Each structure stands twice: as structure tokens, then as C-alpha cells.
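Residue numbers (the working numbering): 114 to 265. All C-beta atoms, glycine included, are put in the ideal place defined by N, C-alpha and C. Just so it is clear, the structure is predicted and the values come from calculations on it, not from any experiment. All remarks here apply to the structure that follows.
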Ligand code: ZN
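Below, the structure written as C-alpha cells:
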């Protein structure tokens, strides 16, 4: 993927879905009565919204709602639509919620890393590397939470 605008449209879609899911997970943790994980998901939703705004700004897009349709080219296994966020029976436990969030972060990381690896446009490559590094941090954060949760 060498077109910076095409790359940013993918980033926007990915971050928007991630934010939406974190917001759902935040609500689910509120319902469950787990304020620590609720606060963590709320922060992660905020990061996704920030990423989203950054991608919109960098693309010079003014209105998110007015973006023209685009042919998405997701690398294998990365489409942001692939996850099912509702637990079996509509119940979402903490462990499952953390696993879902981890899947989402891994998918984001895989997307940015693969673009960074294959793009021949230095601007796209640099931006994708930067985003991949942030997603790698999110993956590490989630892994920490999952390890802690397993101990308690
Ligand atoms: Zn992330």
C-alpha cells in the first residue's frame, strides 16, 4: 500500500472500530462491576479516538462522515470486522473482554507492521512503523492485564 490517503483511510477504519469496541467493552465492565478494567478500557478507547483524529488530520480529511467510499485492502486476517464482541449468552466476563481487546490490538499491530514492511512509499512506511510501535505497546499492556487477571 503506497498511497498515503489509502493507508490513512484504513487506519481511520481500524481505529474507529477499535474505539467503538473499547467503548462497548467499557460498558460491559461497568455492568459487570469491574472499575479497574473499566477505567483501563476507557483509556484505550481514548487512545483509539486520538489515533483516529490524528489519521484524519494527517490525511487532510475534514469531515469523517463525508469520506468517499474506498476499496479496502486488508492484509490477511486483519479486517476490523472479524471479531465477535458479544460473549456467549450475551455475557462478557473480564477474561474474555481482555482477550477480545488483545485480539483487536494484535490485529492493529499486524496491519501497521505489514504495511511498514511492504510499502515502498517512505512516508507510508514511516507512519505505519510509528503506529505499529504504538500498537505493540498496547499489546504489551493487554498481556500485562491478562497476566495479572490470571493471578487474582
Ligand atoms: Zn491500540
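In the pairwise beta carbon analysis, the region 156 to 173 is classified as touching the region 121 to 129: at least three pairs are separated by under 8 Å. Per the Cβ contact rule, the region 167 to 178 is not in contact with the region 146 to 159 (fewer than 3 Cβ pairs under 8 Å). Proximity of the beta carbon of residue 142 to the ligand ZN is not indicated: no heavy atom of the ligand is located closer than 8 Å. The three-state secondary structure of residue 148, taken from DSSP, is helix.
Between the ligand ZN and residue 240, a heavy atom-to-CB distance of less than 8 Å is absent.
Between residue 131 and residue 221, the C-beta gap is smaller than 9 Å, which places the two residues in contact. Between the ligand ZN and the CB of residue 123, the shortest heavy atom gap is not smaller than 8 Å.
Measuring C-alpha to C-alpha distances from residue 262 to each of 149, 114, 119 identifies 149 as the nearest.
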